[in-house]
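This report concerns only the one structure given below.
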Amino acid sequence: MDLVFRARRVITPQGEIACDVGVVDGRIVAVERHIDSPNVVHLADDEVLLPGLVDTHVHVNDPGRSEWEGFETATKAAAAGGVTTIIDMPLNSIPPTVELEALEIKRKAAANVSVDVGFWGGIVPGNLADLKPLHEAGVFGFKCFLLHSGVDEFPAVTTAELELALRELATLDALTIVHAEDAHTVRDAEPDYAGFLASRPREAENKAISDVVELTRRTGARTHILHLSSSDALSILEAAKRDRLPITAETCPHYLTFTAEEIHDGQTEFKCCPPIREEANREALWWGLREGLIDLVVSDHSPSTVELKEGDFATAWGGIASLQLGLPAVWTGARERDFQLTDVVRWMAAHPARQVGLETKGAIEPGKDADLVVFAPDETFVVDKNKLHHRNPVTPYHGRTLHGVVRQTWLRGKEIGQTRASLPQGKLLRRGEA
Ligand SMILES: [Zn+2]
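Listed below in C-alpha cells is the structure:
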C-alpha cells in the first residue's frame, strides 16, 4: 500500500464502519478491518472519512466571463468544500459549449484545476448536427433551457426542438438535462422579493416538468430535471418513476436551506432561478429526498461579479455561489431532520457519479479513485464570504453558522493544496474514461 487511511467512521456503500482504506497508485484497493502499512493517515476521533463529492452542476464561466469565475478559483473552492469532481455547465462561458470547437476552447481554459473537471454540452436551436460530435468528444450529456437562459448566446429551445434533440440523443444513449421552467408561465420580474417569486411561480416548473416527462415517455431518451424548487412537481416525478421512465431530478443546497419568508427586499444575493420558495415547500423537498423522488443534491454554483449581483430582484444576476459550502449546508439541514452522513454521501457523491457514468468516483470501495474527504461533522463555523475561494465574495450563506468542517481533501491519493509550490493536480475527464 502507498497509503492507508485509518478511521473510526468511514462512509462506505455498505454504511458507516470503522476500517482501514488502502490506496495504491491513487486508487482504493482495499477496505478492511486492518491493513498493515508504514504510511498511515490517522483520522482524529471527531473526523469521518467521506468519498469526495461529485458536483455535476457548476458554472465556471471561463473563458468569456472569467471575471465572474474561473477554473482556478472554482476548483480551489471545490477542493476546500470537499468536492473532488465538477462537471461544468455549457453556458455563461463564451463561446458556449454547443459545438466541438467550443469544447476544445473550454478544455484549454481549464489548464489549472485543483480537482477533476468534466464538461456538459448544450442543446440550442440549430445545433442538432453538433450533438453527436460533442458526445463522441466526451461531454457527459446535454443541457437545454425551456425559457430564456439569462445569457443571449445560449437561446432556449421549444418543446418541439427538444423532442428532435431527444430522438437524436436517445440513439446515443446520451443524457439530457433540462432547466425546466415554462416560458409562457413566467412573467417579467418585479423589484421586490414577493414580486420576483410571483413572477416565477410553481406552475412554471410544474408545467415544464410535465412536458419533459411526456417527451421522455415519447422518445425513450434519458432526462434529468435540474434544480427542482417546486415541491408540487414531486407528484409528477413520482408518477414518472412509477412508470419506470428514465428520468431523475436534483435539488440544490439553497432550496433546502433558505425560505422565502426570510428574504428581504434588496437581498439579491438570494436571487436564483427557479426561486427559493416558502418554508412548507422547503420541508416538502426534504421529504422528496427521503422518498427518493429527488435523486441528487448539487450546488448550481452560478456566480457573477459583485456589481451584477447588486440592484433589485428585477435586474440582479440570478445565481447563487455555494460550491465551497454545499456539504456543510446540506449536512446542517440533514442532521436537524435525522438524516445520516450516509444519506448526504448518497445524494452528493454516489448518485451524481452514477448519473454521469463516472464509475471510479463517488464511493469508498475497491476500484474507485482515492478521492477522499476528512470531515468533522460536529464542528461549527460561521461563513465569511471573504474567506471563500470563488472569485467574487458574494454568497447568501454569509454570516450563517453551519455544521461540518472539511479538514482535508485528497484527489487520487494526494492531498490537495498542501504546499504553496504544489502543482494543481486535477485532470480533465471524458465520459466513458475511467
Ligand atoms: Zn445552473
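One gets this note's numbering by counting positions in the sequence shown from 1 and adding 837 to each.
Note that CB positions come from ideal geometry on N, CA and C, so glycine has one too.
Taken from the Cβ of D857, every heavy atom of ligand 1 lies 6 Å or farther away. Contact check for Y1030 and A1097: beta-carbon distance about 7 Å, within the 8 Å limit, so the pair qualifies. Membership of W1247 in the beta strand (DSSP E) is indicated by the continuous run T1238 to L1248. In chain order, the residues with a C-beta atom nearer than 6 Å to some heavy atom of ligand 1 are H894, H896, M926, D1137 and S1139. Counting along the chain, the unbroken beta strand (DSSP E) around G859 starts and ends at G852 to V861. About 5 Å separates the beta carbon of I1201 from that of T849, a gap short enough to meet the 8 Å contact definition. L1065 sits close to T1088, with the two beta carbons spaced by under 7 Å. In this structure, D882 and R845 form a Cβ contact; the two beta carbons are roughly 7 Å apart against a cut-off of 8 Å. By the neighbour-count criterion, in which a residue is buried when 16 or more other Cβ atoms sit within 10 angstroms of its Cβ, V878 is buried.
A contact is defined here as three or more CB-CB pairs under 8 Å, and the segment 994-1007 meets this definition with respect to the segment 964-978. Around the beta carbon of A1026, 16 or more other beta carbons sit within 10 angstroms, so the residue counts as buried. Each residue's CA atom was taken as its position, placing P1090 and E1075 some 21 Å apart. Its Cα nearest to that of D989, the residue N929 stands out among N929, R1039, N949 and H1021. The three-state secondary structure of L1145, taken from DSSP, is coil. Two segments are said to touch when three or more pairs of C-beta atoms, one from each, lie closer than 8 Å; by this definition the segment 1148-1166 touches the segment 1101-1110.
The continuous beta strand (DSSP E) containing G955 extends over residues D953 to F956. Collapsing the DSSP output to three states places F1033 in a helix. Look at V885 here: in three-state DSSP terms it is strand. Judged by beta-carbon spacing, A915 lies beyond the 7 Å limit of I924, meaning their Cβ atoms are not closer than that value.
In this structure, R1249 sits away from D1221, with a CB-CB distance that is not shorter than 7 Å.
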